[in-house]
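Structure first, commentary second.
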Amino acid sequence: MSAVRLLTRGSLLSASSKMFGKVIGFASTLILARLLTPEDFGLIAAISIVLYFFDVFGNAATEQYVMQKRRLLSVDLQTAWTINLLLKCLIFFVLLVLAPWIAELMRQPDITLGIAVSALVLPVMALKSPSLLQQKRHIRYEGLFWLALTEKLIAFGVVISTAVVLRNYWAFIFADLISSVAGVLLSYIWFYKRPRMSIIAWRKQLGFSSWMIARNIIGYLRSQIDTVFVSRHYPADTLGQYYLSRDLAMIPGHYLLAPAIEPVLSAFRETAKNDSYFLQQVASTILITFIFTLPIAFFVSAYGAKITAVVLGSQWAIAGQLFSILIWLLVYWGAVYVLELVLIATEKLRTLFIFDLIALGSVLIALTLALELYGGVEALATARVLAGFITTGLIIVFIFRQRVGLLLEIFGGGTLVAIASVISVEQSVVMVDYFNSFARLTGVSGLIAELLFGGIAFAIVYISLLVVIIRFAKNTRIGAQIHGVAGKLTKVL
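Counting from 747, one number per residue, gives the positions in the sequence shown under my numbering.
Spelled out as structure tokens, the structure:
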């Protein structure tokens, strides 16, 4: 099999694995939202925040280190596996000791035991066969695909069954532990390689990992600081409503936008030396994310409460209000995702680190002001969104500071897309009012029917307006590229 075919097959299997995992995770969330309470989701959210932060803190970038080695020696693999295991064991013991203090710091005393038990997942996962890293390095994803899928299915079965029996957040913890143990056992059954502990090459790996660890910590804090704020200042019930609405808001980004944008990284690397064309490509990609995310944000802002009522149930009323606000995270997240790929492709990791620091600082300031001036959780959600938009706008201006024409095309195009989205929402609401009037006469009613009708009306109006905008803007540099992409997509469809 040629290298190109091998790479393509590996990429497809990797993407499929991620997609199946997310679909299974989404399905379990929908089921659990009706079996458990918002308080249960709040408690597991607080535990997850702690666990993932310490996991990031102890992440020695093992996988990245193995992948970037031109020649991987046996001692390199053994050292990477050993360092990862030792760090995760250390973090496990640290969490055991600090669990009461961390729970008090987050003002969620009920999670003390949950943190201690959940922490066991970290060293267990680190015990997986070192051969998994070799499989990824050699783009042999078929076995990895089935391993990941099996783990997800085991977790799904355990979490649903235990939730039915226990009716509390411990269902999540038991599912993580059981699926982790199963994953370790299956990794040695399918990819047996006897692990050997060694730290001979520890200097090389830790030297490589130090910058990655610092950046990952700041990046994680930037993305989760609002959830920490909610955890400290509101009860677990409110935290659960916030956490789940935030997850719902990011589903289009993680499921659709990220997989679509990831291949762009290779294109960015190939054209990075041609500064003018490179920035034009970047500008076009950012505007394409706006074409995708802005209409979703406007539509959910209008129908968020109804969507959550259908998807999650009546006990998630606060989540419906928050969902209508937090959906705007999707808009700037898409642009930031592209900009991060740009900075990585041009090897400007220091700039990316500085941006993460500035973004974290601005979010902290915005959340503190919102808490002091308003106090409501809706105000915190709004402050989080506004801080994200401001910092994203600043980095766009910074990257395109010497290409004012492209900068104007980005913001001008984004404005046109926003106007088209507003018109589409207004027309959709009008059509839904007509539908409700008709429903009262015929007896055909219901939130699902209303959302379907409103969504179809919105899509028809938006797509019609978007076609007009693309044709109108095809004489601009960005417009010409988007017009070409739209033409190819039309032919494929």
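The C-beta atom is built at its ideal place from N, Cα and C for all residues, glycine as well.
*asked:* Between the alpha carbons of F1199 and M1177, how many angstroms are there, rounded?
replied: Between F1199 and M1177, the C-alpha separation is close to 8 Å.
**Study point:** Same chain, Cβ closer than 6 Å to L1058, five either side skipped, listed in chain order
**Key:** Excluding residues within five positions, the ones whose Cβ falls inside 6 Å are A779.
Quick check on L1235: does DSSP put it in helix, strand or coil? Bear in mind that a pLDDT of 45 at L1235, under 50, signals an unreliable position, so the model cannot answer this.
From what residue to what residue does the alpha helix (DSSP H) around A982 run? Here the alpha helix (DSSP H) through A982 covers A982 to P998.
Q | Distance CB(F975)-CB(L823) smaller than 8 Å | A | For the 8 Å CB-CB criterion, F975 and L823 do not form a contact.
Checklist entry - When DSSP labels each residue in this structure, what does A1166 get in the three-state scheme? => result Of the three classes helix, strand and coil, the one that applies to A1166 here is helix, per DSSP.
Practice problem: Take L831 and list the residues in its own chain whose beta-carbon comes closer than 6 Å to its own, dropping the five residues that flank it on each side. | Solution: So the qualifying residues of the chain are A872.
- request: Note down the Cα distance separating K1052 from L1197, rounded to an integer number of angstroms.
  value: Looking at the two C-alpha atoms, the distance is approximately 8 Å.
Residue from M943, A982, V863 and W1074 with nearest C-alpha to F918: When each option's Cα is compared against that of F918, the closest is V863.
(Q) Just verifying my parser: in three-state terms, what is the DSSP assignment at S1210? (A) In the structure shown, S1210 sits in a helix (DSSP, three-state: H, G or I).
Fill in: Of the listed residues R1149, L1103 and V1150, nearest to A1133 (C-alpha basis)
Of R1149, L1103 and V1150, the residue nearest in Cα terms is L1103.
- prompt: Who are the Cβ neighbours of G1050 in its own chain at under 6 Å, not counting the five residues just before and after it?
  reply: Only residues of its own chain outside the window of five on either side were considered, and among them G1066, F1069 and S1070 have a CB closer than 6 Å to the CB of G1050, listed in chain order.
Q: Could you say which of S977, A1063 and V870 lies nearest to S794 if we only look at CA atoms?
A: Ranked by Cα distance from S794, the options S977, A1063 and V870 are led by S977.
**Asked** Count the other CB atoms within 10 Å of the CB of V1238; is the residue buried (16 or more) or exposed (fewer)?
**Response** Any reading at V1238 is ruled out, since the residue's pLDDT is 39, under 50, leaving its predicted position unreliable.
- Query: Does the distance from the C-beta atom of A849 to that of I857 stay below 8 Å?
  - Reply: Result yes, Cβ atoms of A849 and I857 sit closer than 8 Å.
*asked:* Can you tell me whether V1077 is buried or exposed? The criterion is at least 16 other CB atoms within 10 Å of its CB, across all chains shown.
replied: Burial check for V1077: the Cβ neighbour count within 10 Å reaches 16 or more, so the residue is buried.
| field | DSSP three-state assignment for Y966, whether helix, strand or coil | value | In the three-state scheme derived from DSSP, where H, G and I count as helix and E and B as strand, Y966 is classed as helix.
Nearest CA to the CA of L1212: which residue from L1089, F1036 and A1116? Nearest C-alpha to L1212: F1036.
### Query
Candidates T1222, K768 and N1221: which alpha carbon is nearest D993's?
Of T1222, K768 and N1221, the residue nearest in Cα terms is K768.
Restricting to Cα atoms, I'd like to know which of L893, G1159, Y1208 and T775 is closest to I1169. Of the candidates L893, G1159, Y1208 and T775, the one whose C-alpha sits nearest the C-alpha of I1169 is Y1208.
Query raised in the report: For R724, is the classification buried or exposed, using 16 other Cβ atoms within 10 angstroms of its Cβ as the cut-off for buried?
Result: Outside the shown range of the chain, which is 747 to 1239, sits residue 724, and nothing can be said about it.
| field | DSSP state of W1074 mapped onto helix, strand, coil | value | In the structure shown, W1074 falls within a coil segment according to DSSP collapsed to helix, strand and coil.
I'd like the list of long-range same chain contacts for D922, defined as Cβ closer than 8 Å, with 5 residues on each side in sequence excluded.
Hits under 8 Å: S864, V867 and A901.
Review point. Over what stretch of residues does the alpha helix (DSSP H) that includes G1139 continue unbroken?
Key: DSSP places G1139 inside the alpha helix (DSSP H), whose first and last residues are V1123 to I1145.
By the DSSP assignment, the alpha helix (DSSP H) with A1219 in it spans what residues? Going by DSSP, A1219 is part of no alpha helix (DSSP H) at all; its letter is neither H nor E.
Taking the straight line between their C-alpha atoms, what separation do you get for V821 and K874?
Cα atoms of V821 and K874: separation of roughly 17 Å, rounded to the nearest angstrom.
- Query: In three-state terms, what does DSSP make of A917?
  - Reply: Taken through DSSP and simplified to helix, strand or coil, A917 comes out as helix.
query: For W847, is the classification buried or exposed, using 16 other Cβ atoms within 10 angstroms of its Cβ as the cut-off for buried?
result: With fewer than 16 Cβ atoms within 10 Å of its Cβ, W847 is classed as exposed.
Can you list, in chain order, the residues of its chain whose CB lies under 6 Å from that of R1130, leaving out five sequence neighbours each side? D972.
Quiz item: First and last residue of the alpha helix (DSSP H) that includes Q824?
Solution: For Q824, the enclosing alpha helix (DSSP H) starts and ends at S820 to L851.
*Please confirm whether A995 and L1072 have their CB atoms less than 8 Å apart.*
Yes, these two residues count as a Cβ contact at 8 Å.
Given that a residue counts as buried once 16 or more other Cβ atoms are within 10 Å of its Cβ, and exposed if not, what is F1218? The residue is exposed, with fewer than 16 neighbouring Cβ atoms inside 10 Å.
8 Å CB neighbourhood of K898 in its chain, flanking five on each side removed: If we look at K898 and ignore the five residues flanking it on each side, its Cβ neighbours are F766, G767, I770, G771 and S925.
Please report the distance separating the alpha-carbon of S748 from that of L890. Confidence in S748 is poor, its pLDDT being 42 and thus under 50, which makes the residue's placement too unreliable to answer from.
| said: Closest to L893 by C-alpha separation, out of L1040, L878 and S1210, would be which residue? | reply: In this structure, L878 is the residue among L1040, L878 and S1210 with its C-alpha nearest to the C-alpha of L893.
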